[in-house]
Structure formats: structure tokens, C-alpha cells
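Some notes on the structure that comes next.
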Amino acid sequence: MHGNPARGILAFEAMQQSYFVSGADLYRGEPYAFLWPFSQTLAATVTLAQIPSQRARFEQELHVRLAGLSHYWQPTTSPPSYASAAVPPLGPGGDSFYDDNEWVGLELVRAYELQPEPQLLSQAQQIMNFVIAGWQSQPELPCAGGVPFSTAANNTDRNTITDGPGAELGVRLYQLTGNSAYLQFAERAYEWVRQCLLESNGLYADHIETSGTIDHSLWSYNQGVMIGAGVLLYQATQDGMYLAQARHTAAAALTHFTLQRLDSEVPFFVSIYMRNLLYLDSVTHDPPGAKLAQEYVNHAWQHRVGGVFLFGSPPGADLLGQAAIVQVYGLLSTPPKTYF
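Going by numbering that gives the first Met the number 0, the letters in the sequence shown line up with residues 0 to 339, in that order.
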């Protein structure tokens, strides 16, 4: 482990002071934050709870995050899922995004490992049911299969970022429950991305549209989730092919995503990339990711006002970016076995 946990905790405290609304257990937004940034505050809290000296404090914080999370749950949808915004009376609710639900599911699994409460595992399984039900198997689709971006009728793109984390969640639930259907889905989602979105340079494109057009944009988090899915599938199956594929993706990503390029991305993308890269490092014992992650947060630390980090041009601050930096600090200060 590397890092500076004190800086991560200071960044967390600045996040709470700047954005948290204690009366609602939510964060400021429109009027409250969307599920996407909220999911990352949950991830930041779970990560910091893995620091032994901070566990008691952040387990209390975790209870508050879980109370806030309940305000996004839509039990009447079929299958039930978390809405993109807080549901009435606190917010408008709305469509559900598959990747946002997957981020939440992965954190519920991590929370369950910290606090083995059956409801946490059950909630993660409900998210998995939602993701599996979203699989697009219509034979008329180009590259049939994959999970769409959201439940919105006009949002039918199928993405690396909806299938990679779905595979990761499937593996973790298989490991916890022994339900082979979860592993089968994880393998199917992972292979679909490799077949449909893997580019000749060894990196993954963003998504495929219903027309068959591929968005070839390269983002670090897409590489990250496929690295992590490969490692988890290797651990679940002992099939070395998955680990070899993860290492190949990581090598291509480390060449392409320089520190300068990472600094131009949304910090959330980088936090997902770093988590998965560091997880691979822990298995291969070849840790290039830690140095890169440390350089990234060191650079971010120089661009903050009152503990709040500034990104972009012109520089600005937001909850999503703050939660991402807290996470990277936390990841550098905790054992990789706790990352998923």
C-alpha cells in the first residue's frame, strides 16, 4: 500500500462540508445530486472504511450513505432498480442507468463484506437481476447482446461501461452465493465487449449504436472495467486466458493513457481505471499502477481551494470529481483485496 490516507480523509471532509445535506442524508444537486455522483460518495465512504484506523468512523458514515441511497430506489419498476434522481417526495425519480446501478451494486457487495447484513447482499442481487433483464438479445441488432445505457426508450446504445461492471458484479455475486447464473452472465457480458468493441490497438471503444455505428472514443474507465472483469473472471474460473487478456489491456492502456491524458479526463473515469489497474497489479505483482495513481493525486492536490479539487477549463469543482479523488487516495491506502 502507498498513498496518504490523511489527505484522503481531508478531501472527504471537504466533500461533506461543501455538498452534504444532513437533513436528507443526500448531497446538493437539483435539488439533490443524481445517483451517479451519489454512487461515488458511497464508493469513497466504503473505501475509507477499509483503513483500519478509520473503520469505526466510516462504518458510521456508511450507514448514513445507505440511508441516502434508499431515496433513489424504485420498487415499482420491473425489475426494481435505482432511479437516476431521488424519487418523490425528494426528487423526480426517472429512468434508471445500468452503469449507475452497477456501481451501486459493487459498493453494496463491498459494504456487505464490511457489515454482513443480508439486506445488502439482497439489494445487490436485485440490481443484478435488473442488469440481466436488460440484455439485448434481439437477433436483428448488429452485434446482438450487450446491456444498454439506460431504460429510456431512445437510449439504446450498448456500452463497454454497462457490460464491464456488470461482469464484475456478476463474478462477485457468484463468489458470494455460488449461483452459477451470475458467473455465466459475467462471462457472456465480458465476451460480448471483446467481440464487439475491442479495437485493433488492444483498447476498448465506447459503445455501439442500434445502427451498428461504433463510437471509437477511448476512455480510461472502459479499459479499467475490462481489466478488472478479466482479473475477477480469472479468480473465479482459474482460466489463465482472462488474466492474459487483462494484462494485455493494461499494457495498451498504460501506453495510451499518459498522466497528461488522464488529467484531461473526468476524474471519475480515472478513479475507475485506477481501481481496476491496481487490482490487476495485486495479482500479477507488477505494480505500475500505484506510481501513476500517486502522481495523479499529487497533481490534483496542487489544484484545490479549501480542500475542494478543481478540474477542467475553466477550472471548476463538483461532487463527482471530489468523490473520485477521495477514492484514489483511499485505494492507495487500503489492501487491493478490498476493492471489489
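Ideal Cβ placement from N, Cα and C applies to all residues, glycine included.
| Check | Outcome |
| --- | --- |
| Beta carbon of residue 273 nearer than 9 Å to that of residue 311 | no |
| For residue 18, the three-state DSSP class (helix, strand or coil) | helix |
| Distance, residue 87 Cα to residue 71 Cα | 9 Å |
| Minimum length 4: unbroken alpha helix (DSSP H) runs contained in the stretch 33–92 | 34–48 and 54–68 |
| First through last residue of the alpha helix (DSSP H) which encompasses residue 204 | Unbroken run through residue 204: none, as it is neither H nor E. |
| Distance, residue 202 Cα to residue 137 Cα | 26 Å |
| Minimum C-alpha distance to residue 66 - residue among 96, 107, 101 and 298 | 107 |
| Exposure label - residue 198; buried when at least 16 CB within 10 Å | exposed |
| Nearest-angstrom Cβ-Cβ length linking residue 48 and residue 324, presumed shorter than 8 Å | Not a contact, Cβ separation roughly 17 Å. |
| Proximity winner among 307, 250, 259 and 305, relative to residue 280 (alpha-carbon distances) | 250 |
| Nearest-angstrom Cα separation, counted from residue 135 out to residue 144 | 5 Å |
| Ordered list of alpha helix (DSSP H) runs contained in the stretch 216–304, each at least 4 residues | 219–236, 239–255, 258–262, 266–283 and 287–300 |
| Beta-carbon proximity of residue 36 to residue 98, cut-off 9 Å | no |
| Beta-carbon gap between residue 321 and residue 18 smaller than 9 Å | yes |
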